[in-house]
Each structure stands twice: as structure tokens, then as C-alpha cells.
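Residue numbers (our numbering): 4 to 283.
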């Protein structure tokens, strides 16, 4: 019989739930006691090792993973606010699931579960006593290293998002306080973005539409070809023609100008109707 010992009743109950919902659970007999579970096979052909490995792997990834990552977020990086911790944790999960691309992760493509399985294979689980705490402490170094990498990437992403939100808010406040230089502008997004009102204006004339002082205060974020003149002009209305509403720049413009922006399909853009008649 295999005996598994747990730290608390919550872990015991969580593991028992996974155990009862596992395939081939009818071929094993479970013995429950405070802080531990015994697993006995009911037929000689059954391998407790083969049966229990995937359950233990699920237990660590589904029941203990967040606990470890939260301990790193709070204990090593001093994020004490619960809401911040949860936001970082959700970002870490998004990174693990491959939902956030282009992040500088110094990791190979080995699934994190691999590190748990490899360690379980080194232990006889047919007849033994397995301490969950000891296994986590002494066997899961590579697994925890992988989780720490996800947490670090999530924290970097979180800080960038906070900086972005601060940046957006400063632009929003600037736009709200400024008198518009042009009441309505048109932006055409077809491979690249064009602020149509400035398309046929000389480069020297375009510079008159840019608030240099404000741009100097935001050198890392302001796009000089679109965002700089657009924010400096501070139009009351923006017609944005695009086929990609999810483009990052489209989202940024919407976040800054909010209800001032109207998104239209690219094929609905007719400059002779939309612009020249307005300025005639």
C-alpha cells in the first residue's frame, strides 16, 4: 500500500477529489485518516505507480502551483495588495498558456509538468510513504525554477501595463484640457496609419501641430508620426477607418480619446466626401 501524507485537511480533501474522479479508480481501495491517504490495489495487474503519477502531477499543478507563485509574488517581490497579487497571478497563467506572445522568457519548450513526472519516476510508489511537503521541498527545484520564471515575466508585464495606464491617463488629461487645433480628423489604417489632415501638408508645417514640450515629457511612448500630432491637435471628433479594431494603436487611440473616436470600416473612407467638403 502507498501512504501519502499531507500538510492540512484542505490538501487532503483536494487530493481525494482528484483520486475519486480518476480513471481506473474502481481498481484501487482508498484508506482515509487525518492528514493522510492510503492507496491499495484490488487486483494484482494494477500498478499504483502508473495510476498515481498523473494524479499527483495534477495535484501539484492544480492545487499547489498558485500557492507557490503567490508566495514568490508576496515574499520575494513584496506585492502585498491582494488585488495586485491576483492580477500578476492571472498574467502568469496567461504566459503559461501561451496567451501572451513576444515575452523574453529564457526557457525551453519543456512542459512544466515534465519536471514533476521525472521526479515521481525516481520514487517507488507501489509500497511506500510519500510526504507531500518533503517531495515539494527536496524534489521540485526545476519545476519551481520554471514557475519563478513565469512570475518574473508576469511582474514585468504588470509593471509595463501600470506604466502604460499612467501614460494613457496623462494623455487623456492633456487632451481634455486642451482646445482643439482641428475639430475633426480622419485616420486611415491600411498597412500603416495616416492622419489624413496632415497627409498633404509639408513636414515643416506638420511640426506646427506638435506640442514639443509635451512630447519631451513622454519620449519613450509617443509615436512622432501619429500619436504626437494627434494628441497635440486634441480633436473633438476622430473618424478612424480600419479593418483591424484589435490593433494596438487603435486600442491606444480609443483609450485616450474614448467617446471622441468613431471606428469605421476601411472601405467606407471617401476623402472627397468626408474631408474636402468639410473644409471647403
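Quick reminder that beta carbons are idealized off the backbone N, C-alpha and C, glycines included.
Residue i - DSSP class collapsed to helix/strand/coil
i: residue 150; result: helix
i: residue 195; result: strand
i: residue 61; result: helix
i: residue 46; result: coil
i: residue 124; result: coil
i: residue 113; result: coil
Cα-Cα separation between residue i and residue j, rounded to whole angstroms
i: residue 233; j: residue 198; result: 8 Å
i: residue 254; j: residue 216; result: 25 Å
i: residue 203; j: residue 190; result: 13 Å
i: residue 168; j: residue 132; result: 51 Å
i: residue 264; j: residue 170; result: 19 Å
i: residue 270; j: residue 58; result: 55 Å
i: residue 163; j: residue 274; result: 37 Å
i: residue 60; j: residue 251; result: 38 Å
i: residue 209; j: residue 235; result: 11 Å
i: residue 185; j: residue 115; result: 54 Å
Buried or exposed by the 16-neighbour rule on C-beta atoms within 10 Å, applied to residue i
i: residue 178; result: buried
i: residue 157; result: buried
i: residue 200; result: buried
i: residue 161; result: buried
i: residue 205; result: exposed
i: residue 72; result: buried
i: residue 238; result: buried
i: residue 195; result: exposed
i: residue 33; result: exposed
i: residue 11; result: exposed
i: residue 141; result: exposed
- Quick one: any contact between the stretch 133-140 and the stretch 77-86, if contact means 3 or more CB pairs under 8 Å? no
- Task: Note down, one range per segment and in chain order, each alpha helix (DSSP H) of at least 4 residues found wholly within the stretch 196-259.
- Result: 206-209, 215-220 and 230-236
- In chain order, which continuous runs of the alpha helix (DSSP H) of length 4 or greater are located wholly inside the stretch 135-191? 135-142 and 144-180
- Message: Using a Cβ distance threshold of 8 Å, determine whether the stretch 141-159 contacts the stretch 90-99, with at least three qualifying pairs required.
- Response: yes
- Quick check: the stretch 53-70 against the stretch 118-126, are there 3 or more CB pairs under 8 Å? yes
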